[in-house]
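Below is one structure, written out as structure tokens; the observations come after it.
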Amino acid sequence: MTIKETQEEIIDEFSMFDDWMQRYEYIIELGKNLPLIQEAYKTEDNIIKGCQSKVWLKGEQNDDKIVFTADSDAILTKGIIAILIRVFSNQKASDILNADMDFIDEIGLKEHLSPTRANGLVSMIKNIKMYALAFDAKK
């Protein structure tokens, strides 16, 4: 599935909910199904700077695609990183770098987060793109 197709799927899923309380519950549920980072990778090097909560992110190259794992010490943040991993994991570095991020606005995520969580979201995206940039440069 392409990044755009996954984003469209997420937009459709979010449109099924009537209010933001239901969407928050759904985000939390997504976090419970997050492919967790190994404990060995829960290091200072893998912490995303700029997040209110602790968020660890690890990207590994698997053939020509990047596979991401993550974890967070906060349930909502874990759900947010789960959405991003669903979109960007198992994708080519060049596709990640060229990805449109409009789906975040379309589901209304950024406007329904506190300013510190919204900054954390931006930091998560930046870190994912930095992994893609690093793997793309290795080619």
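In terms of numbering that gives the first Met the number 0, the sequence shown has 19 at position 20, counting the first letter as 1, and numbering is strictly consecutive.
Glycine residues also receive a C-beta, built at the ideal position from the N, C-alpha and C atoms.
In this text the structure is predicted, and so the values were computed from the model without any measurement.
Reduced DSSP category for Lys-48 - H, G, I as helix; E, B as strand; rest coil = Locating residue 48 in the sequence shown gives position 49, where the first residue counts as 1. Three-state DSSP puts Lys-48 in coil, outside helix and strand.
Touching or not, the region 62-80 and the region 115-124, by the rule of three or more beta carbon pairs under 8 Å?
-> Segments in contact, yes.
Report all residues from its chain with a CB closer than 7 Å to the CB of Asp-151; omit the five preceding and five following residues, and keep chain order.
-> In this structure the chain extends from 0 to 138, so residue 151 is not present and cannot be described.
Look at the alpha carbon of Met-20 and the alpha carbon of Leu-29, and state the distance between them as a whole number of angstroms.
-> Position 21 of the sequence shown holds residue 20. Position 30 of the sequence shown holds residue 29. Their Cα atoms are separated by approximately 14 Å.
Nearest neighbour of Thr-5, chosen from Tyr-130, Ile-95 and Asn-126 [CA to CA] | Translated into positions along the sequence shown, residue 5 becomes position 6. Out of Tyr-130, Ile-95 and Asn-126, Ile-95 has the C-alpha closest to the C-alpha of Thr-5.
Candidates Lys-57, Gly-107 and Met-0: closest to Ile-26 by CA position = By one-based count along the sequence shown, residue 26 stands at place 27. Ranking Lys-57, Gly-107 and Met-0 by Cα distance to Ile-26 puts Gly-107 first.
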